[in-house]
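Protein chains in written order, with UniProt numbering: chain B, 1 to 342; chain Y, 1 to 342.
Here the structure is laid out as C-alpha cells; the discussion comes afterwards.
There are 2 protein chains.
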Amino acid sequence: MTPSSVGIKDVAAEAGVSVATVSRVLNGHPSVSPASRTRVLTAVEALGYRPNAVARSLRTDQTRTLGLVISDVLNPYFTELARSVEEAARALGYSVIIGNADERPELQDHHVRTLLDRRIDGLLVSPTDGGSPLMLDAVRAGTPLVFVDRWIPGVDVPVVRSDGRRAVRDLVAHLHGLGHRRLAIIAGPAATTTGSERVEAFREALREHGIALPDTYIGQGDFQADSGRRATERFLALPEPPEVVFAADNLMALGALDAIRAHGLRVPDDIGLAAFDDIPWFVHTDPPVTAIAQPTAELGRAAVQALIDRIEGRRPQSVTLPARLVVRRSCGENAPVRRSNP
Amino acid sequence: MTPSSVGIKDVAAEAGVSVATVSRVLNGHPSVSPASRTRVLTAVEALGYRPNAVARSLRTDQTRTLGLVISDVLNPYFTELARSVEEAARALGYSVIIGNADERPELQDHHVRTLLDRRIDGLLVSPTDGGSPLMLDAVRAGTPLVFVDRWIPGVDVPVVRSDGRRAVRDLVAHLHGLGHRRLAIIAGPAATTTGSERVEAFREALREHGIALPDTYIGQGDFQADSGRRATERFLALPEPPEVVFAADNLMALGALDAIRAHGLRVPDDIGLAAFDDIPWFVHTDPPVTAIAQPTAELGRAAVQALIDRIEGRRPQSVTLPARLVVRRSCGENAPVRRSNP
DNA sequence: CTGAAAGCGCTTACAG
DNA sequence: CTGAAAGCGCTTACAG
C-alpha cells in the first residue's frame with residue numbers, strides 16, 4: 001500500500017477506533033481520551049498517513065489558501081512582493097497560489113477563474129487592466145479580495161499600495177536642480193492605476209517648476225522591457241530629444257538602457273535615466289540608476305494581513321506606504337550642470 | 001444567491017434535467033441530446049455556474065495540477081524557469097502551484113508536503129539538498145516526479161537539466177587565454193548537484209591547463225547574494241587574491257560585485273568576475289559580465305513534457321541541454337594581458 | 001439518451 | 001469520551 005493511498009479508515013482500523021476519533025485527534029479536538037490519542041498518533045506514524053486536503057476542503061468549505069495574481073513574474077518587484085506574501089501567509093497558516101498575468105488581461109482572468117474554481121479563501125490581485133467583469137463579479141459574490149500595488153477605482157475593496165507622488169515630486173525637483181528641463185516619461189498602461197498615476201504625478205511636478213510635458217515626451221509603455229526600448233528609440237529620434245528619461249518601472253528602464261546602448265549613446269552624458277522601482281542591480285549598472293524605491297516586503301505583509309482580516313471576519317484596512325527617492329548617478333549627479341566646481 | 005454558491009443541482013433544476021446530464025454536458029460526454037445540451041448550457045450561463053474543482057478532484061482523483069518547488073524565487077533564473085513551466089503546463093491543460101524553498105531544506109520539505117497533501121498530479125523539483133526522505137518516500141509511493149536543474153543522485157527519476165561542463169571548460173580556456181592564472185570560484189552547496197558539479201568542472205578544466213585550485217580559492221556559498229559577498233571578502237583578504245572570481249550563480253555574482261565595490265576596487269582592472277547563469281542585467285552592469293547561459297525556457301518546457309508523459313502513462317525522457325559561454329568584458333577582455341596590441 | 005444512486009475522504013452535529 | 005451517520009459537490013457505472 002502506497003502512503004498516498006492510506007486513508008483515515010486505515011488509520012482508524014489500525015488504532016482500533018472510529019474515523020470520527022481519528023479526525024478529532026488530527027484536528028486537536030479537546031474531547032479525546034489520552035489513550036485514544038496515543039493510539040491514533042501511533043497508527044498515523046506507522047502508516048505514514050497524511051490527510052487528504054482535497055476532501056477536507058470539500059467538507060469544511062475552506063482551503064486555507066490564498067490566490068495571488070501578479071502582473072509579471074519576471075519583474076523583480078513582483079517577485080519580491082510574492083515572496084513576502086507567501087512568507088506572511090505561511091506564518092498565519094495559509095498557502096498561496098501565484099498566478100502570473102504577464103500584463104495580459106485575458107491571462108489575468110484565466111488565473112482568477114482558475115483560482116476561484118479552486119475555492120481559494122481569498123484573492124490578492126494587482127490588476128493588469130481597469131476592470132475585469134470577472135473580478136467585479138467575484139467581489140459581488142462575496143469573495144474576499146484585496147488589491148495590492150494596483151487597484152480598480154470605484155470598487156469597494158481594500159487597497160494596499162505605496163504612494164509614489166511625493167517621491168516623483170522629489171525626483172523632478174532633483175532633476176530640475178541638476179539643470180535638466182527636457183524631461184520625458186515612459187508610462188505604464190493608462191488602464192492601470194500605477195500607469196496613470198505616475199504620469200500624472202510627473203506632469204504635476206513638472207508644472208510646479210513651470211515645465212510642460214509635451215505628448216512627444218510621453219512614451220506609451222506596458223511595463224515590460226520591449227516597450228521601454230521602443231519608447232526610448234522614439235525619444236532619441238526626436239529633433240530635440242529629452243535630457244532625461246523617467247521609466248515608470250524597472251523593466252522599461254532595462255529596455256531604455258538597451259536602446260540607448262544600441263544607439264552608441266552613454267548615460268548620463270548623452271541622456272539621463274531614472275526609474276520607478278528599485279532593484280539590487282541598479283547599484284551595479286553602468287551607471288548606477290537613480291530610482292524610486294517602494295517598501296515592497298511591507299506591502300506584501302500588509303496585503304496578507306488585510307486579506308486574512310477580511311477572510312476571518314475582521315475589518316480589513318487599506319494601507320498606503322510612502323515610496324522614496326534613491327539618488328545615484330544616472331542623471332548626471334556627478335557633474336552638476338549649473339555650477340562648475342573643481 | 002451568490003455565484004459561488006450555485007451548484008450543479010441548481011443548474012439541473014433550472015434546465016429541467018438531472019445532475020448527471022449536467023455533468024455530462026460539462027464534461028463533453030457524447031451521449032447527450034442536442035436539446036438537453038442547449039438547455040444545460042443556457043442554465044449554466046444564466047446562473048453563472050462554475051464547477052467546484054475541489055469536489056471534482058475528490059471524485060476523479062486528479063487535480064490537473066503540477067507542483068513546482070524551486071530553490072529561490074528571487075533568482076531570475078528560477079523565475080524564468082517557473083514562467084516557462086507554467087506556460088507549458090497551461091498549454092497542456094494543467095495549472096501549476098509554485099513553492100519557494102529559499103534554499104532551505106526544511107522549507108522545501110514544507111512545500112513538498114503541502115503539495116502532496118493537495119494531491120497534485122505530479123511534482124517538478126529542483127532540490128535544495130542531497131536527499132530529503134520525504135521526497136524519496138513520494139517517489140516510492142509512486143508520485144510522478146521529475147527533477148529539473150538540480151537532481152538527487154541514485155534516485156530513479158527523470159532529470160531535465162543543462163550540462164555546464166563544456167561551457168565551464170570554455171570559460172577557463174578563455175580566462176587562460178587572457179593570461180589569468182589565479183582563478184577562484186564561489187561554489188554552491190556541495191549537497192546540490194549544480195553546487196558540486198560546477199566546482200568539479202572548474203577544477204578539472206584548470207588541471208587541463210596545469211593550474212591547481214587551492215582550497216583558499218574555493219569560496220563556500222549557498223547560491224544567495226550574501227554568501228557571494230562574504231566569499232569575495234575572504235578572497236580579497238588573501239595575501240595573494242585571485243585574478244578572477246567565478247560565481248556559480250548570478251546572485252552570488254551580485255554579492256561579489258557588492259563586495260568588490262565596497263572595497264573600492266574595480267572590475268576588471270583590479271579583479272575579474274564571471275558568473276554561471278546569464279540574466280538581462282549582465283549586459284548593463286559595470287562592466288558587462290561574462291557569463292554562462294542556460295537554455296532556461298527550453299528546460300522548463302522539457303521538464304513539463306517529461307512530467308506529463310509520466311503522469312499520463314507514457315515513458316518520460318531525461319533531457320540534458322548544453323549551456324554556452326557568453327563573453328563580455330568583466331574578465332579584462334578589452335585589454336588582453338599577453339599580447340600588447342595597438 | 002437519461003436518471004437514481006453510490007462513493008471520493010473527510011468533518012461534525014447528534015445521541016449515547 | 002465515542003461512534004454511526006449524514007453530507008460537502010461532483011462523476012460515473014448501472015439500468016432502463
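Glycine residues also receive a C-beta, built at the ideal position from the N, C-alpha and C atoms.
Just tell me which of the options has its CA closest to the CA of residue i.
i             : options                        : result
E186/Y        : H284/Y, H174/Y, E200/Y         : According to the sequence displayed, residue 186/Y carries Ile and not Glu. Out of H284/Y, H174/Y, E200/Y, E200/Y has the C-alpha closest to the C-alpha of I186/Y.
P239/Y        : A256/Y, R182/Y, Q220/Y, A53/Y  : R182/Y
residue 343/B : R161/Y, I260/Y, G130/Y         : Any property of residue 343/B remains undetermined from this structure, which presents chain B solely from 1 to 342.
D149/B        : F202/B, P214/B, A212/B, V69/B  : V69/B
E197/Y        : H209/Y, L178/Y, G164/Y, I211/Y : G164/Y
A302/B        : R166/B, L26/B, V289/B, Q317/B  : Q317/B
R140/Y        : F147/Y, P127/Y, V155/Y         : V155/Y
residue 359/Y : W151/Y, L136/Y, D249/Y, V168/Y : Here chain Y has residues from 1 to 342 only, and residue 359/Y is not among them.
N100/B        : A43/B, A53/B, L115/B           : L115/B
I152/Y        : R166/Y, V172/Y, S126/Y, A167/Y : S126/Y
A262/B        : P214/B, P268/B, T232/B, T143/B : T232/B
A53/Y         : A43/Y, R64/Y, L47/Y            : R64/Y
S84/Y         : A89/B, L74/B, S84/B, L92/B     : L74/B
D10/Y         : E204/Y, F282/Y, L47/Y          : L47/Y
H174/B        : F246/B, Y94/B, A306/B, L236/B  : F246/B
T193/Y        : V172/Y, I218/Y, E298/Y, V159/Y : V159/Y
What does the Cβ neighbour count give for residue i, buried or exposed, with the cut at 16 atoms within 10 Å?
i             : result
Q251/B        : Residue identity differs from the one stated: residue 251/B is Leu in this sequence, not Gln. Buried.
H180/Y        : buried
D72/B         : buried
E45/B         : exposed
T38/B         : exposed
P342/Y        : Low confidence applies to P342/Y: its pLDDT is 31, below 50, so where it sits in the model is not reliable, and the reading given next is rough at best. With fewer than 16 other Cβ atoms within 10 Å, it is exposed.
E103/Y        : buried
P34/Y         : exposed
residue 343/B : Since the first and last residues shown for chain B are 1 and 342, residue 343/B lies out of range.
L325/Y        : buried
S5/B          : exposed
S330/Y        : buried
A190/B        : exposed
E86/B         : buried
Q62/B         : exposed
D215/Y        : exposed
S57/B         : buried
P242/B        : buried
G210/Y        : exposed
V17/Y         : buried
Which residues mark the beginning and the end of the alpha helix (DSSP H) in which residue i is found?
i             : result
P280/B        : No alpha helix (DSSP H) holds P280/B; DSSP gives it neither H nor E.
S36/Y         : 34 to 47
I260/Y        : 250 to 262
P133/B        : 133 to 140
F235/B        : 225 to 236
G16/B         : It is not in any alpha helix (DSSP H) - G16/B carries neither H nor E in the DSSP assignment.
Q108/B        : 105 to 117
S31/B         : Premise fails: S31/B is in no alpha helix (DSSP H) and is neither H nor E.
L92/Y         : Careful: L92/Y lies outside any alpha helix (DSSP H) and carries neither H nor E.
residue 349/B : The structure shown does not extend to residue 349/B, since chain B spans only 1 to 342, so no value can be given for it.
S57/B         : 53 to 60
List the endpoints of the continuous beta strand (DSSP E) containing residue i.
i      : result
L74/B  : First-last for L74/B: undefined, no H or E at that position.
L183/B : 183 to 187
V96/B  : 95 to 100
Assuming residue i and residue j are in contact, meaning their beta carbons sit under 8 Å apart, how far apart are those beta carbons, in whole angstroms?
i      : j      : result
G332/Y : G264/Y : Incorrect: roughly 19 Å between the Cβ atoms, too far for contact.
L134/B : R113/B : 6 Å
T320/B : L81/B  : Between L81/B and T320/B the Cβ distance is about 15 Å, and since that is not below 8 Å, they are no contact.
G255/Y : G228/Y : 3 Å
L66/Y  : D121/Y : 6 Å
L123/Y : T143/Y : 6 Å
A307/Y : S162/Y : The residue you asked about is not Ala; residue 307/Y is Leu in the sequence shown. Actually they are not in contact, since the Cβ atoms of L307/Y and S162/Y sit about 17 Å apart, beyond 8 Å.
Pull up the DSSP beta-bridge partners for residue i, would you.
i      : result
I292/Y : F276/Y, L325/Y
L124/B : L68/B, V146/B
D163/Y : P322/Y
V244/Y : L183/Y, G272/Y
I218/B : I185/B
T285/B : T285/Y
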